[in-house]
Amino acid sequence: MARKVNITCRYYLVKKYTDTDNEKEALFDLRKWIAEVKDMTLSERVKELGGSGKGRIDSIKNRSDFYALNFVRMESYSSTYTVTEDEAAKHVDISVNDGEYIGKNTVAIYDANKSVLMLMSNQGGFSPNTVTYYINSFYDKPVCVLEPIKLKKDFVKASNKYGKISIKISSVNDFIPTKNAAYEDALTQARNMSASTMSFEFSVGRKKNEYLDADTVRTIISDAFTNMGAVSIARVKMEDEQGTALYNLFENVKNCVLVLETDTHGEIAYENIADAMIGSYN
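Quick note on numbering: the sequence shown equals residues 1375 to 1656 in our numbering.
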């Protein structure tokens, strides 16, 4: 049965990977990588995704001034359930043969003129961090990073004061923290427990005129933006020159919401999603 669905897409600059401040604003042109991958067979495109299964870029097509990219994560088991209000969840058994996988796709469009990647948010698919890991896996050392295109609010300004920060990691295996981050050990333990999600909150409670360590909070904020797609909730209570308020960090990232209609099987062709993304691109 056909139905309408909302698909959120976010914008990222594709930048060169660098350890030096004087080069951190340089853009990375994906066209050479795209040309090389297009000449590969589908099997040659398959890469390990940093300990979280396999994946590949399944299709690359030119759309006007854009490249339409279809990334597919390859799973060996089904994690899908059907749920009704009155009955317990039932696992959807999808049998696959040896050498077959259950695929979950993520669509992106690439504006080569501006080096901007518009990426569909699809939990369980390719996150921005996964896309970066995948592209870099074709090289001997990292060549690029995806940087969210942010709106005007500055969450990491030196004068900001923080009363609380809450994060829910929706994909523990895909989340890469800053080295020695305050929650790095907890994340390791979550992986050791085979946990797929993890949440934490740091707060000063109801104490007045007391604040969290600002550098630690800025690290958490930076990690949340870097790992968008592996994080479902990111909120911070912050005081700046405009006062004190609770903010959703991801509302500060340039995005759009597509309203699309599925076919009778509940599917939307990747080409249709890509065309809608190009139509709304700005």
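Here a beta-carbon is modelled for each residue, glycine too, at the ideal position from N, C-alpha and C. None of the values given here were measured: they were computed from a predicted structure.
Query	Result
Stretch pair the stretch 1532-1540 + the stretch 1581-1589: three plus CB contacts closer than 8 angstroms	yes
Limits of the beta strand (DSSP E) - the one that isoleucine 1594 falls within	From DSSP, isoleucine 1594 is part of no beta strand (DSSP E) but of the alpha helix (DSSP H) over 1588-1600.
Proximity of isoleucine 1381 and leucine 1634 at Cβ, strictly below 8 angstroms	yes
Where tyrosine 1484 falls, given that 16 or more other Cβ within 10 Å makes a residue buried	buried
Nonlocal neighbours in the same chain, by C-beta distance under 8 angstroms from alanine 1619, ignoring five residues either side	Lys1611 and Met1612
Close Cβ partners of tyrosine 1391 (< 6 angstroms) along its chain, the five nearest in sequence each way excluded	Pro1516, Val1517, Cys1518 and Val1519
Cβ distance (whole Å) where phenylalanine 1402 is taken to contact serine 1489 below 8 angstroms	7 angstroms
Outcome for leucine 1404 when other beta-carbon atoms lying within 10 angstroms are tallied against a minimum of 16	buried
Element boundaries [beta strand (DSSP E), containing alanine 1556]	No beta strand (DSSP E) holds alanine 1556; DSSP gives it neither H nor E.
Residues sharing a beta bridge with isoleucine 1381, DSSP	Leu1632
Neighbourhood of asparagine 1646 by C-beta distance below 8 angstroms, restricted to the same chain and skipping five residues each side	Leu1634
Cβ contact check for the stretch 1574-1584 and the stretch 1494-1501: 3 or more pairs under 8 angstroms	no
The stretch 1417-1427 touching the stretch 1624-1639, judged by at least three CB pairs closer than 8 angstroms	no
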